[in-house]
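K.L.:
For reference, each letter of the sequence shown is one residue, going 6 to 224 in the numbering used here.
All C-beta atoms in this analysis are idealised placements derived from N, C-alpha and C, irrespective of residue type, glycine included.
Treat the numbers as computed from the prediction; the structure is a model and nothing was measured.
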Amino acid sequence: MKRSDITFQKLLKILDLAISEGFLTYNAAKDGINHSKGYLFSNENSSFLKSFEKKDLAIDLGTGGGLPGLVLATFTDCLWLLVDRSARRCAFLKKAISDLDLNEKVEVIECSAEELSLGDYRGKAKLVTARSFASPAITAECAGPLLREDGLFIVSEPPFNNPADNQDRWPVEGLIDLGLKQKEQWHTGLAGYRSFVCVAKCPEIYPRRFNKITKNPLF
């Protein structure tokens, strides 16, 4: 069996275990690998993906059962930081990283996303990803401060019958307050995605504490 096939089978087993642990639903795990690869492996991101170097940092917020961060870390060469506030989920992710032989390039941090944005990783990430993390305003406020200049923030989108409804979730005015601007929007046939580029340094006042973010979102 090819190494790539072995890795794929390992990922499937890890996602199955995530179901039994209650970290993923069956449907999320069933399409998990393809859904996760859709974040980066698309025509819209081909030039961005080619620009990645091994020293570049990518951060996945609220990795949980491994989507998309663990999958993307498996198929890319850069450094990855998987962030989750649950000790149980972090222990699961650390075991998964070991099983996939990713210890040299992937780290798990147990903390909240806004805490991470206030620390040493602020302005260091070339890529930040999030899946089913929180509302658009909360997700953007946690992700924006982590991006370096030229960095990209990518989210997966819920299904909408009317594309205009989806567009309204990410207002231009609210994003620019965080130094973000929408770059691309795409659909793989399985899921939709949206990317935002860092066009200015995120103001130091962000992110606010989580209770303030939730009580008074930017948009």
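Measure the Cβ-Cβ separation of Cys-1 and Lys-110 and say whether it is below 9 Å.
P.N.:
Nothing about residue 1 can be read from this structure; the chain reaches only from 6 to 224.
K.L.:
From Phe-97 to Gly-70, what does the alpha carbon distance come to, in whole angstroms?
P.N.:
Taken atom to atom, the span from the alpha-carbon of Phe-97 to that of Gly-70 is near 8 Å.
K.L.:
Name the residue from Ile-159, Lys-59, Thr-12 whose alpha carbon lies nearest to the alpha carbon of Ile-38.
P.N.:
Thr-12
K.L.:
Secondary structure at Asp-89, three-state DSSP: helix, strand or coil?
P.N.:
strand
K.L.:
Looking only at DSSP bridge pairs, what is Lys-188 linked to?
P.N.:
Paired residues: none, contrary to the question.
K.L.:
Residues in the same chain with beta-carbon distance under 7 Å from Lys-59, minus the five sequence neighbours each way, listed in chain order, please.
P.N.:
Asp-82, Cys-83
K.L.:
For the alpha helix (DSSP H) that contains Val-76, what are its first and last residues?
P.N.:
74-80
K.L.:
Assuming Ser-47 and Thr-144 are in contact, meaning their beta carbons sit under 8 Å apart, how far apart are those beta carbons, in whole angstroms?
P.N.:
Rounded, the Cβ-Cβ distance is 20 Å, inconsistent with contact.
K.L.:
Tell me the DSSP bridge mates of Gly-197?
P.N.:
Beta bridge pairing from DSSP links Gly-197 with Glu-162, His-192.
K.L.:
Tell me whether Leu-132 is buried or exposed, calling it buried when 16 or more other Cβ atoms sit within 10 Å of its Cβ.
P.N.:
buried
K.L.:
Can you tell me which of Leu-195, Ile-159, Ala-142 puts its alpha carbon nearest to the alpha carbon of Pro-176?
P.N.:
Ala-142
K.L.:
What would DSSP say about Ile-102, mapped onto helix, strand or coil?
P.N.:
Helix, per DSSP.
K.L.:
Is the Cβ-Cβ distance between Pro-212 and Leu-123 less than 9 Å?
P.N.:
yes
K.L.:
Below 8 Å, is the gap between the Cβ of Leu-223 and the nearest heavy atom of the ligand NAD?
P.N.:
Here there are no bound small molecules, and the ligand NAD is not part of this structure.
K.L.:
Assuming contact is defined by CB atoms lying nearer than 9 Å, are Arg-136 and Leu-151 in contact in what I supplied?
P.N.:
It is not a contact, given that the beta carbons lie outside the stated cut-off.
K.L.:
Is the CB-CB distance between Leu-75 and Asp-65 below 9 Å?
P.N.:
With respect to Asp-65, Leu-75 sits close: the two C-beta atoms are nearer than 9 Å.
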